[in-house]
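Residue numbers (my numbering): 18 to 387. No residue lacks a Cβ here, since even glycine has one placed at the ideal position from N, Cα and C. Report on the structure given below.
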């Protein structure tokens with residue numbers, strides 16, 4: 018993965034606001050790049066750049082496979098996502114003469130950087146950010162979706178992401194068992210955040226038994242109380258015997274050292290970039306594990322925020338109906354992968370690339386002189 022394969026990679030810095038960020042725009046053939054703002058305490062700048070590049074590419078494939086007319090982009094902010102959000106954050110006076118809270122300063126600075134890209138990148142929320150952060154960006158930029166409902170947006174898209182994953186898991190169960198019945202099925206769910214917790218609720222209501230893990234013990238205690246979930250450590254969750262492994266935390270999970278220890282029949286969750294390489298998808302296929310490509314099964318949030326840009330603005334019923342087509346997308350993907358005898362992840366990438374290439378060729382034909 019190289020920066021030269023991307024349309025733009027922008028480094029953003031504002032010392033006064035405490036901003037250090039990277040915006041990666043992978044491909045805008047289908048339309049403006051659309052993707053979340055992720056905020057993490059990256060160990061190095063190189064780690065942040067790599068994350069931005071991988072995530073932006075995944076957003077391109079996610080939009081293409083979901084039938085959206087958008088490209089892929091991502092912003093990563095290097096920093097502690099827990100910095101204060103309210104006017105009681107007196108520590109902001111220590112780094113700036115501004116009376117604004119630190120978080121508002123930071124995201125307004127990012128908004129100015131996004132505005133300078135003139136609509137080539139449209140941000141939304143992601144890990145470590147919120148709808149409130151998008152409103153901070155919008156104070157300096159015309160661009161940003163996943164807006165609060167009071168501004169006519171769809172609000173936090175995480176619920177729709179979770180619903181799309183649940184729909185996709187039904188397709189996975191049908192592929193593995195011939196039935197989409199969750200009764201008495203065991204689901205191991207690492208990550209009980211904004212996507213993982215509502216997904217746990219959907220699974221519990223459908224009759225699944227849950228094994229959960231999270232770095233925040235308050236979340237696991239709540240899941241044990243709400244869903245009668247069994248709690249294990251984040252280190253042990255991936256080796257639990259289960260029907261479905263539904264990773265909903267960070268990516269980079271499945272590779273040559275972890276795949277031999279998996280004891281699941283299905284993988285389908287909200288984490289992005291779950292495979293370290295395409296070869297890891299082949300390894301899952303050889304083990305007989307049904308793998309739902311992450312950018313196929315977790316597209317519900319992207320579909321939800323993209324709907325804000327649709328005719329008449331955001332319509333929840335329209336966004337939900339589109340999200341529920343994730344089930345059909347995966348059913349079709351699994352059937353064609355069987356026919357071609359290739360891993361679904363490789364096929365999903367191929368189908369996304371083919372759609373992009375078809376639009377690119379059409380534009381070249383239209384641009385050619387008569």
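Problem set entry | Residues that residue 95 bridges to, as DSSP identifies them | 57
Exercise. Given a threshold of 16 other Cβ atoms within 10 Å of its Cβ, counted over all protein chains shown, does residue 360 qualify as buried or as exposed?
Worked result: buried
Exercise. Which residues mark the beginning and the end of the alpha helix (DSSP H) in which residue 242 is found?
Worked result: 234 to 244
Exercise. For residue 111, which residues of its own chain have a beta-carbon under 7 Å away from its beta-carbon, when the five flanking residues on both sides are left out?
Worked result: Because residue 111 carries a pLDDT of 40, less than 50, the predicted location of this residue cannot be relied on, and the following value inherits that uncertainty. Answer for residue 111: no residue qualifies.
Exercise. Which stretch, first to last residue, makes up the alpha helix (DSSP H) that contains residue 377?
Worked result: 361 to 384
Problem set entry | Residue range of the unbroken beta strand (DSSP E) whose run includes residue 25 | 25 to 31
For this session: With a cut-off of 8 Å on the beta carbons, I'd call residue 140 and residue 92 a contact; round off their distance for me.
Result: 6 Å
Exercise. What do you reckon, are the CB atoms on residue 266 and residue 288 nearer than 8 Å?
Worked result: yes
Exercise. Just the Cα atoms here: how many angstroms apart are residue 179 and residue 210?
Worked result: 11 Å
For this session: Could you tell me the distance, in whole angstroms, from the CA atom of residue 286 to the CA atom of residue 132?
Result: 33 Å
Problem set entry | Contact set for residue 268: own chain, Cβ-Cβ below 7 Å, skip 5 residues either direction | 288, 289, 290, 291
Problem set entry | Through-space distance from residue 305 to residue 206, alpha-carbon basis | 20 Å
Problem set entry | Residues that DSSP places opposite residue 311 in a beta bridge | In the DSSP output, where bridge partners are listed per residue, residue 311 has none listed.
Exercise. Tell me, which residues are paired with residue 391 by DSSP?
Worked result: Nothing can be reported for residue 391, as the shown portion of the chain is limited to 18 through 387.
For this session: Counting only the same chain and skipping the five closest in sequence on each side, list residues whose C-beta sits under 6 Å from that of residue 369.
Result: 78, 81, 82
For this session: Within the same chain, show all residues whose beta-carbon is closer than 6 Å to that of residue 68, passing over the 5 residues directly before and after it, in chain order.
Result: 93
Exercise. Looking only at DSSP bridge pairs, what is residue 37 linked to?
Worked result: 30
Problem set entry | Proximal residues to residue 276 (C-beta, below 8 Å), its chain only, five neighbours per side dropped | 297, 300, 301, 304
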